[in-house]
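Before any comments, here is the structure.
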Amino acid sequence: MHTNIAGSDASSIRFQGHDLVEELIGKHSFTEVFFLLTCGRLPNATETRVLDACLVTLMDHGWTPTSLIARLAYDSAPSQVQIGISAGLLAVGDVFAGTMDGCAKLLAEGIGQADQDAWCRDVVQAHRTLKKPMPGFGHPFHKPDDPRPPRLFKVAAEAGVKGDYVALLQRLGRAVDAGYGRHLTINATGALAALLLEIGMPLAIMRGVSVVSRSAGLAAHIAEEQRSPTARQIWKMVEEEIPYRDPG
Numbered sequence: 015m016h017t018n019i020a021g022s023d024a025s026s027i028r029f030q031g032h033d034l035v036e037e038l039i040g041k042h043s044f045t046e047v048f049f050l051l052t053c054g055r056l057p058n059a060t061e062t063r064v065l066d067a068c069l070v071t072l073m074d075h076g077w078t079p080t081s082l083i084a085r086l087a088y089d090s091a092p093s094q095v096q097i098g099i100s101a102g103l104l105a106v107g108d109v110f111a112g113t114m115d116g117c118a119k120l121l122a123e124g125i126g127q128a129d130q131d132a133w134c135r136d137v138v139q140a141h142r143t144l145k146k147p148m149p150g151f152g153h154p155f156h157k158p159d160d161p162r163p164p165r166l167f168k169v170a171a172e173a174g175v176k177g178d179y180v181a182l183l184q185r186l187g188r189a190v191d192a193g194y195g196r197h198l199t200i201n202a203t204g205a206l207a208a209l210l211l212e213i214g215m216p217l218a219i220m221r222g223v224s225v226v227s228r229s230a231g232l233a234a235h236i237a238e239e240q241r242s243p244t245a246r247q248i249w250k251m252v253e254e255e256i257p258y259r260d261p262g
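Just so you know, we're using this note's numbering here: the sequence shown kicks off at 15 and counts up by one.
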C-alpha cells in the first residue's frame, strides 16, 4: 500500500522515495522530514534552519483558547491524551495561531507588483474600508512590538534567505502604521508567513505548520495538567464569575 508521499512493502518503508530505515532515521531531523513530506524533497541547510525556527516559535503561548480547550477536554477524557490535544488543535484558525496563511496570501499577491508601495497603501485602505483586521499585524499583549519577528528575521538572514518576502512585509508594516495613524506591530504569524514563503512552503498547507507546532505545546499542557490539574478550577471559576441574565 502506498501514496505518492509514502509506501511500504514487506521489508521496507519509503518517504518520498527515501528509505525510512536506511536514509532517514538517525540521519535527518523531524524538521527535515516534515519538509520532505510536505514539499517533496529534503530541505537545504537554510530551509531547515528557518522551518525549525518557525516550528519552535508557535509551540505555545500560555493561556489561549487552544490550551484551555485542550485541558478541559482532557479532564473529560483523562485516559485519552489525544482527545485533549486534538480538541485544542481545532481552535487553530483565523484568530489564534493560524493567521499566517492570511498574511501569506497578501504577500504572495504583492511580491510581483511593479509598485509595491502603492500596492501596500491599497491593501491597507481596502482593509480599513471593510473594517477587516490586517492579517499578520497587531497583538493584544505584545505592545508596542512583538519580540519574536525581529529574532525570526535575524535567524532567516543568518541562514541565508533571499529576503524578498520579509522586505515586503516590513514595507507593508510601514504602510499599516501610516494608514492607521498608529503603530501596529508585525506579529509572529506575520513573520512566519514571510519566512515560510521564503523557503517555498506551499501556501495552502501553511496552517498545517501551526498545527504541527502547536501539537507539541498542547502535549506539554496535558503533561502539566496531569501533574497539576487546573481544568476543574477553570470550570468552577467560569461557573462562579460569569453572570447570566434571564432571557425572559
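Where a beta carbon is used, it is the ideal one built from N, C-alpha and C, also for glycine. Given the structure is predicted, the values throughout are model-derived calculations rather than measurements.
Item	Value
Would you mind working out which of A173, K146 and G187 sits nearest D160, comparing C-alpha positions?	G187
Taking only the alpha-carbon atoms, compute the straight-line gap between A230 and L209 and give it to the nearest angstrom.	20 Å
Compute the Euclidean distance between the alpha carbons of C134 and A205, then round it to the nearest angstrom.	16 Å
Take the Cβ of D171 as the centre, count every other Cβ of all protein chains shown within 10 Å, and call the residue buried at 16 or more, exposed below.	The sequence as given places Ala at residue 171; Asp does not occur at that position. Per the 10 Å Cβ criterion, exposed.
Relative to the alpha-carbon of M215, which residue among I39, G40 and T60 has its alpha-carbon at the smallest distance?	T60
Leaving out five residues before and five after T244 in sequence, what residues of the same chain have Cβ atoms less than 7 Å from its Cβ?	R85
Tell me, which residues are paired with H32 by DSSP?	F29
When we look at the beta-carbon of M148 and count the other beta-carbons within 10 Å, is it buried (16 or more) or exposed?	buried
With D115 and R221 assumed to form a contact (beta carbons below 8 Å), what rounded beta-carbon distance in angstroms separates them?	5 Å
I need the straight-line Cα distance from T62 to P158, nearest angstrom please.	30 Å
For F49 versus L38, is the C-beta distance shorter than 8 Å?	no
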